[in-house]
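In the numbering used here, the protein residues as written are 1 to 240.
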């Protein structure tokens, strides 16, 4: 007979919300604009608050309420501030120790998806094999279209247009332009990659780690680019 309770390790994905401003009115406005672009991607997402700015416990309470209003679920706070620690514990939230430059929240909570730093490199690399292996082929995705292909790679022979969204379990190659929302490794495959040109998506993600359009480096939007995940950050590598 199975025991009534057991503990098992699990690779759970969390989103780290870094707060750089103690003005909750400004934070609320920025949340509204960013989530308008992210669509339903963050709806119900478990998040860990990481206050870079100095917050009072009242401001933290306001921030938690803002996140809940936008249908995110705060599960923890990363801080060493005693007042914030006390408040977080009173609210039943987990408390994570602030990381050093070489540490990340994942070491406290496995696979926590911190807002990644974007990086562009220009060293040529071998193109993603999704362009040659057997994959599902799509002509175009028009605005308003949503497609999910969780058991395969996908090649888009045309373009992923603004307002369209594509979820793929494996790799994605786009021969035209990317203007909509594009998700590779959507089932958790952290080795998935995206190859595209004219790359200016509304949102790009690999295995749940995402960036919005405003956070993608300008150099990544010029010519052929490969997008991959390294140490929980999205990297962009020029293929030209």
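Built from N, CA and C at the ideal position, the CB exists for glycine as well. Source: prediction; values computed, not measured.
| For residue 271, the three-state DSSP class (helix, strand or coil) | The structure shown does not extend to residue 271, since the chain is modelled only from 1 to 240, so the question has no answer here.
Which partner residues of residue 94 appear in the DSSP bridge assignment? 76
Handout entry: Extent of the continuous beta strand (DSSP E) to which residue 301 belongs
Key = The shown model of the chain, from 1 to 240, leaves out residue 301, and the question about it has no answer.
inquiry  = For a minimum of 3 consecutive residues, which ranges assigned as the beta strand (DSSP E) are wholly contained in the stretch 25-60?
reply    = 46-51
Exposed or buried, what is residue 181 when buried is set at 16 or more other beta-carbons lying within 10 Å of its beta-carbon? buried
Checklist entry - So what does DSSP say about residue 83, is it helix, strand or coil? => result helix
Exercise. Near residue 124, which residues of its chain fall below 6 Å by C-beta distance, leaving aside the five closest residues on each side in sequence?
Worked result: With a pLDDT of 40 at residue 124, under the threshold of 50, the modelled position of this residue cannot be trusted; read the value that follows with caution. Same-chain partners within the cutoff: there are none.
_In the DSSP assignment, the beta strand (DSSP E) including residue 196 goes from what residue to what residue?_
194-196
Among residues of its own chain, excluding the 5 on either side of residue 27, which ones have a beta-carbon nearer than 8 Å to its beta-carbon? 19, 21, 63, 66
When you measure from the CB of residue 16 to every non-hydrogen atom of the ligand FMN, does any distance come out below 7 Å? The ligand FMN is not part of the structure shown, which contains no ligands of any sort.
Between the alpha carbons of residue 75 and residue 34, how many angstroms are there, rounded?
20 Å
**OP:** Give the straight-line distance between the Cα atoms of residue 152 and residue 51, rounded to the nearest whole angstrom.
**Re:** 39 Å
field: 8 Å CB neighbourhood of residue 89 in its chain, flanking five on each side removed
entry: 95
Practice task
Say whether the stretch 193-201 touches the stretch 169-176, bearing in mind that this needs 3 or more beta-carbon pairs closer than 8 Å, one atom from each stretch.
Solution key: yes
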